[in-house]
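Okay, structure first, notes after.
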Amino acid sequence: MADENQGFLVVDFEFTAYADSFGRPKGFFPEIIEVGAIELLAPDYADGRSYESFVRPRFFPKLSEFCRGLAIIEQADVDGGADAAEMIERLAQLFEPDRTRLVAWGDSDYTVLDNLCRKYGLANPFPEDRYIDLAAAYRDLCGHTHRSPLAVVLAEKGIEQTGYAHTALADALNTAALLRRMLAEGWKI
Numbered sequence: 002m003a004d005e006n007q008g009f010l011v012v013d014f015e016f017t018a019y020a021d022s023f024g025r026p027k028g029f030f031p032e033i034i035e036v037g038a039i040e041l042l043a044p045d046y047a048d049g050r051s052y053e054s055f056v057r058p059r060f061f062p063k064l065s066e067f068c069r070g071l072a073i074i075e076q077a078d079v080d081g082g083a084d085a086a087e088m089i090e091r092l093a094q095l096f097e098p099d100r101t102r103l104v105a106w107g108d109s110d111y112t113v114l115d116n117l118c119r120k121y122g123l124a125n126p127f128p129e130d131r132y133i134d135l136a137a138a139y140r141d142l143c144g145h146t147h148r149s150p151l152a153v154v155l156a157e158k159g160i161e162q163t164g165y166a167h168t169a170l171a172d173a174l175n176t177a178a179l180l181r182r183m184l185a186e187g188w189k190i
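Each residue of the sequence shown is one higher than the last, beginning at 2 in my numbering.
Okay, structure coming up:
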């Protein structure tokens with residue numbers, strides 16, 4: 002088990018993407034377009050507050066066809082979404098730097114968040130040393146040589162998948178369910 006005072010903020014970000022470099026704007030970088038987050042509260046890792054929102058990209062606001070299809074997000078969703086600064090502020094309200102770990106499936110969520118903060122001129126309230134890539138942790142725990150998709154791992158562990166893949170809150174809830182199972186089975190950070 003983790004430290005009994007240790008809580009978690011499990012997040013998932015959907016972000017802008019292109020299928021290949023053809024048609025990608027010059028200088029393109031991924032921007033967050035949807036966020037889903039759920040607290041797991043110590044000591045029993047019960048669900049706490051949650052947050053979900055579409056997010057309006059600043060630099061490359063037009064979604065690619067690939068992105069719309071993958072994340073099941075329409076242009077109107079992001080056009081009416083929260084500003085990134087508001088989104089980060091809302092997430093920061095769920096995060097206590099000394100008592101919370103930020104968790105996501107893979108390293109791209111943190112990389113995109115950190116890069117977005119730099120490009121937008123925003124402070125990143127989530128220190129990298131408080132971030133857990135649960136996909137890497139699971140891979141190492143099981144002795145795998147590759148990272149498995151979240152849906153595959155959920156099936157391996159007998160955890161019923163919530164919602165659709167590539168929808169932010171559903172992916173955060175599924176990652177939280179796996180984290181809770183790993184902690185119950187004795188995984189340590």
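Built from N, CA and C at the ideal position, the CB exists for glycine as well.
Sub-8 Å separation of residue i and residue j beta-carbons
i	j	result
L117	A38	no
E35	R50	no
F60	E32	yes
T101	L170	no
S54	A85	no
E19	S65	For clarity, residue 19 is Tyr in the given sequence; the question names Glu instead. In contact: Y19 and S65 (Cβ atoms closer than 8 Å).
F30	K158	no
V12	A173	yes
P58	A93	no
F16	V113	yes
D130	A105	no
Three-way DSSP call (helix, strand, coil) for residue i in this model
i	result
M2	Here M2 scores only 45 on pLDDT, less than 50, and its place in the model should not be relied on; the value that follows carries that caveat. M2 falls in the coil class under three-state DSSP.
S112	Looking at the sequence provided, one finds Thr at residue 112 rather than Ser. Three-state DSSP puts T112 in a helix.
G8	strand
D141	helix
R102	strand
E87	helix
Close Cβ partners of residue i (< 7 Å) along its chain, the five nearest in sequence each way excluded
i	result
L155	Q162, N175, L179
A152	Q162, A166
R25	Y19
Bounding residues of the alpha helix (DSSP H) (the contiguous stretch that carries residue i)
i	result
Y19	Where Y19 is concerned, there is no enclosing alpha helix (DSSP H), given that its DSSP letter is neither H nor E.
F29	Here F29 belongs to no alpha helix (DSSP H), and DSSP marks it neither H nor E.
D78	76 to 80
G70	66 to 72
I133	Element bounds for I133: not the alpha helix (DSSP H) but the beta strand (DSSP E), 132 to 134.
R1	Residue 1 is absent from the structure shown; the chain starts at 2 and stops at 190.
N- and C-terminal bounds of the beta strand (DSSP E) containing residue i
i	result
Y52	47 to 55
*Indicate whether the contact test is met: 3 or more Cβ pairs, each with one atom in the segment 61 to 79 and one in the segment 106 to 113, closer than 8 Å.*
no
*Given 8 Å as the limit, is there contact between the segment 138 to 152 and the segment 38 to 47, that is, 3 or more CB pairs closer than that?*
no
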